[in-house]
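Novice: So that we are looking at the same thing, I have put the structure below in structure tokens.
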Amino acid sequence: MASDPRVQEIHDRALADIAGARSTSDLEQIRVRVLGRSGELTALLRALGTLPAAERPKVGQQANEVKGALEAALAARVDTLRVEERRRAREAERVDLTLPGRYTPPGATHPLTLVLREIIDIFAGLGFSVAEGPEAETDFFNFSALNFPDDHPARDMQDTLHLAGGALLRTHTSPVQIRTMLGRKPPVRTISPGKVYRRDLTDATHSPMFHQVEGLAVDRHITMADLKATLELFAKQMFGARSRLRFRPSFFPFTEPSAEADVLCFKCGGDGCRFCKQGGWLEILGSGMVHPNVLRNVGYDPEDVTGWAFGMGVERIAILKYEVDDIRLFFENDLRFLGQFAPSLSSAKA
Amino acid sequence: MKISYRWLREYVDTDLPPAELADRLTNAGIPVEGITPLVEGLGGVVVGEIEAIERELEESRPGHVNRLCRVALPDRKLSVICGAPNVAPGLRTALAPPGATLPGGRAISIATIRGTRSEGMLCSEKELGIGDDSAGILALPADAPLGTDLVTYLGLDDTIFEIEITPNRPDALSIVGVAREVAAVTGAPFRFPQVSAKEADPEAAALAGVEIADGELCPRYAARLITGLTVKASPPWLAQRLRAVGLRPINNVVDVTNYVMWELGQPLHAFDHATLREGRIVVRRAQPGERITTLDARDRALSPDMLAICDAERPVAIAGVMGGAETEVRAGTTTVLLESACFNGGSVRRTSRALGLSTDAAYRFERGSDIEGVIPAINRAALLLADLGGGTVARGVIDAYPAPRPHTRIALRMERVERVIGAAPPRAEVVRILQALGFAVDDSGAALQVVVPSFRRDIVQEDDLVEEIVRIWGYDKIPLVLAPAGETTSVTRPADQMLADRVGGALAAAGLSECITYSFLDPARLKAMGWDDPARLVALLNPLSAERSIMRPSLVPGLLEVLATNVHRQRPDVRVFETGVTFAPHRETDGDRPAHEELWLAVALTGQRAGRAWHAARERVDVYDAKGMAELALTVAGAPGVTTQPWPAGDEPGYLEPGRAARLLLDGQEVARFGEVAHRVREVFDLAAPAFVAEVCLSTLVARTAAVPRYAALPRFPAVQRDLALLVGAEVTVAQVEAAIRGMAVPWLVEVALFDVYSGSQVGAGKRSLAWSLTYQAPDRTLTDAEVNEAHARVVDELARRFGAEVRGA
Chain Z
1 MASDPRVQEI
11 HDRALADIAG
21 ARSTSDLEQI
31 RVRVLGRSGE
41 LTALLRALGT
51 LPAAERPKVG
61 QQANEVKGAL
71 EAALAARVDT
81 LRVEERRRAR
91 EAERVDLTLP
101 GRYTPPGATH
111 PLTLVLREII
121 DIFAGLGFSV
131 AEGPEAETDF
141 FNFSALNFPD
151 DHPARDMQDT
161 LHLAGGALLR
171 THTSPVQIRT
181 MLGRKPPVRT
191 ISPGKVYRRD
201 LTDATHSPMF
211 HQVEGLAVDR
221 HITMADLKAT
231 LELFAKQMFG
241 ARSRLRFRPS
251 FFPFTEPSAE
261 ADVLCFKCGG
271 DGCRFCKQGG
281 WLEILGSGMV
291 HPNVLRNVGY
301 DPEDVTGWAF
311 GMGVERIAIL
321 KYEVDDIRLF
331 FENDLRFLGQ
341 FAPSLSSAKA
Chain A
1 MKISYRWLRE
11 YVDTDLPPAE
21 LADRLTNAGI
31 PVEGITPLVE
41 GLGGVVVGEI
51 EAIERELEES
61 RPGHVNRLCR
71 VALPDRKLSV
81 ICGAPNVAPG
91 LRTALAPPGA
101 TLPGGRAISI
111 ATIRGTRSEG
121 MLCSEKELGI
131 GDDSAGILAL
141 PADAPLGTDL
151 VTYLGLDDTI
161 FEIEITPNRP
171 DALSIVGVAR
181 EVAAVTGAPF
191 RFPQVSAKEA
201 DPEAAALAGV
211 EIADGELCPR
221 YAARLITGLT
231 VKASPPWLAQ
241 RLRAVGLRPI
251 NNVVDVTNYV
261 MWELGQPLHA
271 FDHATLREGR
281 IVVRRAQPGE
291 RITTLDARDR
301 ALSPDMLAIC
311 DAERPVAIAG
321 VMGGAETEVR
331 AGTTTVLLES
341 ACFNGGSVRR
351 TSRALGLSTD
361 AAYRFERGSD
371 IEGVIPAINR
381 AALLLADLGG
391 GTVARGVIDA
401 YPAPRPHTRI
411 ALRMERVERV
421 IGAAPPRAEV
431 VRILQALGFA
441 VDDSGAALQV
451 VVPSFRRDIV
461 QEDDLVEEIV
471 RIWGYDKIPL
481 VLAPAGETTS
491 VTRPADQMLA
501 DRVGGALAAA
511 GLSECITYSF
521 LDPARLKAMG
531 WDDPARLVAL
541 LNPLSAERSI
551 MRPSLVPGLL
561 EVLATNVHRQ
571 RPDVRVFETG
581 VTFAPHRETD
591 GDRPAHEELW
601 LAVALTGQRA
611 GRAWHAARER
621 VDVYDAKGMA
631 ELALTVAGAP
641 GVTTQPWPAG
651 DEPGYLEPGR
661 AARLLLDGQE
671 VARFGEVAHR
681 VREVFDLAAP
691 AFVAEVCLST
701 LVARTAAVPR
711 YAALPRFPAV
721 QRDLALLVGA
731 EVTVAQVEAA
741 IRGMAVPWLV
751 EVALFDVYSG
761 SQVGAGKRSL
771 AWSLTYQAPD
781 RTLTDAEVNE
791 AHARVVDELA
801 RRFGAEVRGA
């Protein structure tokens, strides 16, 4: 390549050394020896002035060419050796990538909370706010204002736990309807989740404490058609797009007309199975048009506005959704039960 | 309530298969909960007569004698072995000849018992599946036609509907009431029973008198007299019909009153006229101290808020609830005074509850009975009694009805129907439905003018009629149409719920599991935890049990139970939390809320901090874990910084270990507390390992947080970090040292962090080494080493001076 023998010699020896280098530190020594501040080629270039003027450009050009070639060779060799060195380092320090990673395993969110959040999210998407009220209530909010007559068997539908001074534990979330409507003018679109209490002995399907979600819509154009449509939208989101609802007449003092709603069994699609006790339908909520007496009790004019309300049991929905067979499990808080509702890698089904 | 399909079809013409009829009724608001054949598997059993007892067989067991009976059928005679005590020559009974089948799949064949051949079996009610009596074989009347199939003879080819009637529909608590509903849903014609009784002298009014002293509690009282009666067993068809709907036949008089109650819904009562002093009925409130022995043979004290049926001297029945034993109809009674009345529902309910006495009559009266149904019912019963008891109906009904009740009239606008249900049923269909249900309808004007029948006291306004129409027309005919959105409103959630959700999410991410525990607690456990003042607790008046009688003043007791539950089930490492409401007596600030409720978070920890893992040491949770969870919650809530304040020794809440518990204050107000669970409380919950709890009052916190972060410019010049270690007496707290450092106003000091705490042999007893990292930074330039050294030296010197401590600065 170079015609100048000094240049050529530096070039040839350096290339051979680069090829023979065993490590990146060897290469660094070669670089310093040849291309460093006092390196062979650097020295040669510095000494150009001592050469005859006619040779200077040629030797200078050759030396610069060789410098470029050696830098390229060094760079290429460094890459090769680095790959090799990393490979050796990895071999020297093995990692077992099948070991579990390091993180704090999350705890469980209670299944009733999961269901409640889902219900709230669905209704928030439909334009419903959340309203709340106390768990200890007065007879007025829990019964009278909701059109339960005094000394009437309608009150037996909800066996009540009483507190001193005529107070009671609310038997349903419906008193929140009254508190909400007394506090504002229509339109109203709210849902009210919360604990409710009944004087029921505990067994696999009964608990003296459980959770309900109350829904309430009052406006100028609210009809039963709207109630049916809204609840069907809810059912499709909660239980799947193929869900359907069926409405049956019923009786609640605070709605007129009143309806129980059943959802088409989402296990068997209505054919009848163990889950729906062969009926094809699962009872999920009570509902109806807000009774005109209730609207009057909160100062609304039933000729001006109409409304609907519904109440559903959260445990009931959780039982259906998660196939839980005993309501007591929700309140026992056995970690082996709760853990089934925690995000977990190891419980992922194979 | 049980409804017999055969009985029902006497009053409405329908041939619908039972299952379909049940569906139609359920979809009209008369829920059918069960459909069962009256008897199942009964075949080939016939009426036979025991002609003679051929001989007694040896005792099969002591006192139990089998007899070989010759049983006659029209075409043959059979020899049948029977052990029943009531076998007697001439008795007609149920014979299951070989080839017959009994309920439960039992097939009858010729059998040989101890060498004697038996050609069939004589059957009891129970064996036939038609009643509970198993004491003897079924006794049939002497005129029961021999050889007739028993199913035909007793009308056993029937279906029983179990119907759940809602409390607003007392009118449907009867065969006729349900028949009316069937007529409305099917369009089939409806008939009312035969109610005209044939009367003869004397005049009823000559034998008895009725006086209502309290017209509010008894708006109507009617009486009839039947003379010359013979009290005896009811004929088989009547007895069978009662058994079919779950009533026990007693005698013809009592059975007729029950029969008519079931058929028409009107409770009736029969008095033995001879036992009524002066033959008078006085309806009045009981006087203080009056007592009565009721039909169930119990002596009961009456009070003046109870309505009594009295004769000239004393109470003879508790109005609408139960009759008295002394005036009861019995064998030998010849003249009966029949009562058919209307009582105030609320009064009957209060009386029935006060006496703890629930009866079929009270059940109907408390729901509201039909004031006009009084007369048809008494006539129907009189007719049947005269028929079955061979008596004579005295002339006239004694009818005390001082203030006849007017019928409710309602104008029904078709627009209202559409406005409420969002669909428009045809007007002609609306009229048909209302008429079929017993309403009178004037269809001549724009609005329908509707007259409500006396038996529908639940119908008082227009929307009540809307429900009647739509439940018969069909809920399935209402379309699914969302209402127009109307005025825009924003979707909001209560701040405390959102906070509880955020905090709960953070704690779950930190590895704690969420619990939901019962809101009612055991007073004994609460007392052991320091809640010993009943005035500060909210108690249930009618708890299910003593263990669940106090509303929780804290979430901690519930969570300690969760720890115990899990520890006792081989889960020693438990880290849990709950968010929920606590209860305290009403305070002035609670307004119309009867109790003081606050939303709290509680955390409970025991056992190891984390599960066993290859990368982590196993360490037991301690009080700093509890504090840390409180701090995490406060951080998530955005609390702007809290101070830790232990209680003065001995002032800790009863459930926390003295010296191992403290409060967290925000601007001087307690927002959280944490600590180790007291040893004696652990004993109460049977927790062997140490346990720790933290509580955060979310209600208090929510009002004080949620400040919007404000951006501060990022530092442009490098920070310098210097460490220092301070060797101090164990009594010096970290908070004291930190306050001292921060209080020095050292220039450029921007961050103070404790990074190590050491106590042990290397520092000597009673001493601690606290290692701190201090960060210095100027906003406008790079600090020089000299500047930082000087500032840091000031801190080191000051700490040495303040705490008399050895300080090593670096």
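If you read the protein sequences in the order shown, they are chains Z and A.
Going by our numbering, the first sequence opens with residue 1, and the numbers climb by one from there.
Going by our numbering, the second sequence opens with residue 1, and the numbers climb by one from there.
The beta carbon of each residue, even a glycine, is placed where N, CA and C say it ideally should be.
(1) When the Cα atoms are used, what is the spatial distance from residue 131 of chain Z to residue 713 of chain A?
(2) What whole-angstrom Cβ distance do residue 330 of chain A and residue 231 of chain A have, given they're in contact under 8 Å?
(3) Taking a cut of 7 Å between CB atoms, which residues from the stretch 594-605 of chain A lie near chain C?
(4) Whole angstroms is fine: what's the gap from residue 196 of chain Z's alpha carbon to residue 141 of chain Z's?
(5) Cutting at 6 Å between CB atoms, please list the residues of its own chain near residue 400 of chain A, excluding the five before and the five after it.
(6) Determine the extent of the beta strand (DSSP E) in which residue 22 of chain Z is found, giving its start and end residues.
(7) Output the distance between the C-alpha atoms of residue 193 of chain Z and residue 206 of chain Z, rounded to the nearest integer angstrom.
(8) When you check each C-beta in the stretch 203-224 of chain Z against every C-beta of chain A, which residues fall closer than 9 Å?
(9) For residue 89 of chain A versus residue 50 of chain A, is the C-beta spacing smaller than 7 Å?
(10) What are the partner residues of residue 38 of chain A, as DSSP defines its beta bridges?
(11) Listed in chain order, which residues of the stretch 180-192 of chain Z have Cβ atoms closer than 8 Å to some Cβ of chain A?
(12) What three-state label does DSSP hand residue 276 of chain A in the structure shown?
(13) For residue 241 of chain A, which option in A:270, A:154, A:294, A:299 has the closest C-alpha, if you only look at C-alpha atoms?
(14) Mind checking who residue 449 of chain A pairs with in its DSSP beta bridge?
(15) Mark residue 258 of chain Z as exposed unless 16 or more other C-beta atoms lie within 10 angstroms of its C-beta, in which case mark it buried.
(16) Can you tell me whether residue 64 of chain A is buried or exposed? The criterion is at least 16 other CB atoms within 10 Å of its CB, across all chains shown.
(17) Helix, strand or coil, according to DSSP, for residue 854 of chain A in the structure here?
(18) Among A:16, A:446, A:745, A:729, which has the Cα closest to the Cα of residue 179 of chain A?
(19) Within the 7 Å Cβ cut-off, does residue 697 of chain A reach chain Z?
(20) Label residue 287 of chain Z either buried or exposed according to how many other C-beta atoms from any shown protein chain fall within 10 Å of its C-beta, with 16 as the threshold for buried.
(21) So if DSSP puts residue 161 of chain A in a beta bridge, which residue, or which two residues, is it bridged to?
(22) Using a Cβ-Cβ cut-off of 7 Å, state whether residue 321 of chain Z counts as contacting chain A.
(23) Give the list of continuous alpha helix (DSSP H) stretches no shorter than 4 residues that lie fully inside the stretch 620-658 of chain A.
(24) Quick one: Cα of residue 80 of chain Z to Cα of residue 32 of chain Z, how far?
(25) Can you list the residues of chain Z that residue 583 of chain A reaches, using a CB-CB cut of under 7 Å?
(26) Taking only three categories from DSSP, how would you classify residue 137 of chain A?
(27) Please list, in chain order, the residues of the stretch 90-109 of chain Z that have any C-beta partner in chain A closer than 8 Å.
(28) Would you check if the distance between the CB atom of residue 197 of chain A and the CB atom of residue 382 of chain A is smaller than 7 Å?
(29) Would you call the stretch 107-123 of chain Z and the stretch 48-57 of chain Z in contact, with 3 or more CB pairs under 8 Å?
(30) Can you tell me which of Z:129, Z:249, Z:233, Z:168 puts its alpha carbon nearest to the alpha carbon of residue 261 of chain Z?
(31) Output needed in chain order: residues of the stretch 505-521 of chain A with a Cβ under 9 Å from some Cβ in chain Z.
(32) How far does the beta strand (DSSP E) with residue 219 of chain Z in it extend, from its first residue to its last?
(33) Could you please give the first and the last residue of the uninterrupted beta strand (DSSP E) stretch that includes residue 669 of chain A?
(34) Unbroken alpha helix (DSSP H) runs of length 4 or more, entirely within the stretch 65-126 of chain Z: which are they?
(35) Measure the C-alpha to C-alpha separation of residue 40 of chain A and residue 129 of chain A and round it to an integer number of angstroms.
(36) Just the Cα atoms here: how many angstroms apart are residue 579 of chain A and residue 158 of chain Z?
Specialist: Result, derived from the coordinates:
(1) 40 Å
(2) 7 Å
(3) The question asks about chain C, but that chain is absent: this structure's protein chains are Z and A.
(4) 14 Å
(5) 210, 212, 221
(6) Where residue 22 of chain Z is concerned, there is no enclosing beta strand (DSSP E), given that its DSSP letter is neither H nor E.
(7) 19 Å
(8) 207, 208, 209, 211, 217, 219, 220, 221, 222, 223, 224
(9) yes
(10) DSSP output for residue 38 of chain A lists no bridge partner at all.
(11) 187, 189
(12) coil
(13) A:154
(14) A:411, A:442
(15) buried
(16) exposed
(17) Outside the modelled stretch of chain A, which goes from 1 to 810, sits residue 854 of chain A, for which no answer is possible.
(18) A:16
(19) no
(20) buried
(21) A:3, A:35
(22) no
(23) 623-637
(24) 19 Å
(25) 136
(26) coil
(27) 99, 100, 102, 104, 105, 106, 107, 108, 109
(28) yes
(29) no
(30) Z:249
(31) 505, 507, 508, 509, 510, 511, 512, 513, 514, 515, 516, 517, 518, 519, 520
(32) 209-219
(33) 669-677
(34) 111-125
(35) 8 Å
(36) 26 Å
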